[in-house]
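Asks:
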Amino acid sequence: MRIPSRAVILAGIFALSGCGNPDKLWEDGNYRVYKRPNSREIIMGYHFGDGGVLGLSEPTVTAAGANARHVVFQVNTSSNYYIVREAAGEGTTLGPFDDKEFENIRRQHSLPPFDWHLRQ
1 MRIPSRAVIL AGIFALSGCG NPDKLWEDGN YRVYKRPNSR EIIMGYHFGD GGVLGLSEPT
61 VTAAGANARH VVFQVNTSSN YYIVREAAGE GTTLGPFDDK EFENIRRQHS LPPFDWHLRQ
């Protein structure tokens, strides 16, 4: 039985459209960890919905997490931790904090755990 070529093409388009953005590694609302196009850099950004993204970090983000009030992320595997406060829109990035500072702030403000980690 011969399958019409138009049906094959449409099936391929629908299959690919469900794949999502391959450069997006993690997201919570408009916050996203993603690979920059044509680069190996992985950063945290705020997506405006019109294709625009505001970069909130330097490369390379290795962990991220969020709750209703805060987004947290780690840059590299060193002790560079950051917090984004969501006052309005993209919020304000605070940091870097070292391990000890970050753990104190995490306890005081009930910061979320990291629920995404970059696979090496």
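Be aware that the sequence shown starts at 1, since it is given in my numbering, and climbs by one per residue. From the three backbone atoms N, C-alpha and C, an ideal C-beta is built for every residue, glycine too.
1) Once you ignore the five residues that flank arginine 65 on each side, which residues in its own chain have a CB closer than 6 Å to its CB?
2) With burial defined as no fewer than 16 other Cβ atoms inside 10 Å of the residue's Cβ, what is the status of glutamine 108: buried or exposed?
3) Report the three-state DSSP secondary structure of phenylalanine 138 (helix, strand or coil).
4) Quickly, what does DSSP pair isoleucine 105 with across the bridge? List them, please.
5) Helix, strand or coil, according to DSSP, for aspartate 28 in the structure here?
6) Which residues bound the beta strand (DSSP E) around threonine 62?
7) With threonine 92 as the anchor, note down where its beta strand (DSSP E) starts and where it stops.
8) If you follow the beta strand (DSSP E) that phenylalanine 73 is part of, which residue opens it and which one closes it?
9) With a Cβ-Cβ cutoff of 8 Å, do tyrosine 121 and aspartate 23 count as a contact?
10) Where DSSP assigns a beta bridge to lysine 35, which residues make up the other side?
11) Just to confirm before moving on: does the CB-CB distance between leucine 94 and arginine 85 stay below 8 Å?
12) Expressed to the nearest angstrom, what Euclidean distance is found between the alpha-carbon atoms of valine 53 and glycine 91?
Replies: Checking against the coordinates, here is how it stands:
1) Translated into the one-based positions of the sequence shown, residue 65 becomes position 65. One point to set straight first is that residue 65 is glycine, not arginine, in the sequence displayed. Val72, Pro112, Pro113, Phe114 and Asp115, listed in sequence order.
2) Your numbering for residue 108 matches position 108 in the sequence shown. Exposed: under 16 other Cβ atoms inside 10 Å.
3) What the structure shows of the chain is the stretch from 1 to 120, and residue 138 is not part of that stretch, so it cannot be assessed.
4) Working through the sequence shown from its first residue, we reach residue 105 at position 105. Paired residues: none, contrary to the question.
5) The sequence position of residue 28 within the sequence shown is 28, counting from 1. Of the three classes helix, strand and coil, the one that applies to aspartate 28 here is strand, per DSSP.
6) Within the sequence shown, numbered from 1, the residue matching residue 62 stands at position 62. Counting along the chain, the beta strand (DSSP E) containing threonine 62 begins and ends at 61–66.
7) Mapped onto the sequence shown, residue 92 falls at position 92. Run containing threonine 92: 92–97, per the beta strand (DSSP E) assignment.
8) Within the sequence shown, residue 73 is the residue found at index 73, counting from 1. Residue range 70–75 is occupied by the beta strand (DSSP E) that includes phenylalanine 73.
9) No information on residue 121 is available, as it lies outside the stretch 1 to 120 that the chain covers here.
10) Residue 35 sits at position 35 when you count from the first residue of the sequence shown. Answer is Ile42.
11) Along the sequence shown, one-based indexing puts residue 94 at 94. Along the sequence shown, one-based indexing puts residue 85 at 85. The Cβ-Cβ distance between leucine 94 and arginine 85 falls below 8 Å.
12) Counting from one through the sequence shown, the residue named residue 53 turns up at place 53. Counting from one through the sequence shown, the residue named residue 91 turns up at place 91. Those two C-alpha atoms are separated by around 13 Å.
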